[in-house]
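In my numbering, the protein residues as written are 160 to 252. All C-beta atoms in this analysis are idealised placements derived from N, C-alpha and C, irrespective of residue type, glycine included. In what follows, a single structure is set out as structure tokens and then discussed.
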Amino acid sequence: KSNSFSLCAMMEANAEHVVGIQWDRKLHQELLSDLGRYRTYNFTSVCDCLRVIRNKKNHYLELSSAAKTVLGTLPDGFFEYFDSRFPSLLVHS
160 KSNSFSLCAM MEANAEHVVG IQWDRKLHQE LLSDLGRYRT YNFTSVCDCL
210 RVIRNKKNHY LELSSAAKTV LGTLPDGFFE YFDSRFPSLL VHS
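Here it is as structure tokens:
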């Protein structure tokens, strides 16, 4: 558990540069509508931004058709959607 905490603490370094002040502002409404259904997210956290990406990938088939259209197909469209919004995230993580 402490290793997980340490990793998350390191991930939060330069969070504003990596995901912005409020990363939810970079996402489409169709995706945002789905976010709060299962948990709450800290929209300033790099770890929570990564959690959203992981969760939406793992539960892609459960997303609304509108959210799938916005995200694109797995894996290429999905990657391009998030990479275009958070270009520093992959290198940072």
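| field | Ile180 (DSSP reduced to helix, strand or coil) | value | Within the sequence shown, residue 180 is the residue found at index 21, counting from 1. Assigned with DSSP and collapsed to three states, Ile180 falls in coil, not helix or strand.
| said: Can you find the residues in the same chain that come closer than 6 angstroms, C-beta to C-beta, to Glu171, ignoring five residues on each side of it along the sequence? | reply: Counting from one through the sequence shown, the residue named residue 171 turns up at place 12. Cβ within range, chain order: Val205.
| query | When the Cβ atoms of the region 222–232 are set against those of the region 194–214, are three or more pairs found closer than 8 angstroms? | reply | No, the region 222–232 is not in contact with the region 194–214.
| query | Straight-line CA distance for Leu233 to Thr199? | reply | The residue given as residue 233 occupies position 74 in the sequence shown. The residue given as residue 199 occupies position 40 in the sequence shown. Cα atoms of Leu233 and Thr199: separation of roughly 24 angstroms, rounded to the nearest angstrom.
| Which listed residue (Pro246, Ser247, Val250, Tyr240) has its alpha carbon closest to that of Leu190 | What you label residue 190 is simply residue 31 of the sequence shown in a count that begins at 1. Out of Pro246, Ser247, Val250, Tyr240, Tyr240 has the C-alpha closest to the C-alpha of Leu190.
| task | Give the secondary structure of Thr203 by DSSP, where H, G and I count as helix, E and B as strand, and everything else as coil. | result | As a first step, residue 203 is located in the sequence shown; it is residue number 44 there, counting from the start. In the structure shown, Thr203 adopts coil according to DSSP, grouped into three states.
| message | Measuring straight from C-alpha to C-alpha, what distance separates Leu192 and Val211? | response | Mapped onto the sequence shown, residue 192 falls at position 33. Mapped onto the sequence shown, residue 211 falls at position 52. Note that residue 192 is Ser in the sequence shown, not Leu. Here the alpha carbons of Val211 and Ser192 stand approximately 13 angstroms from one another.
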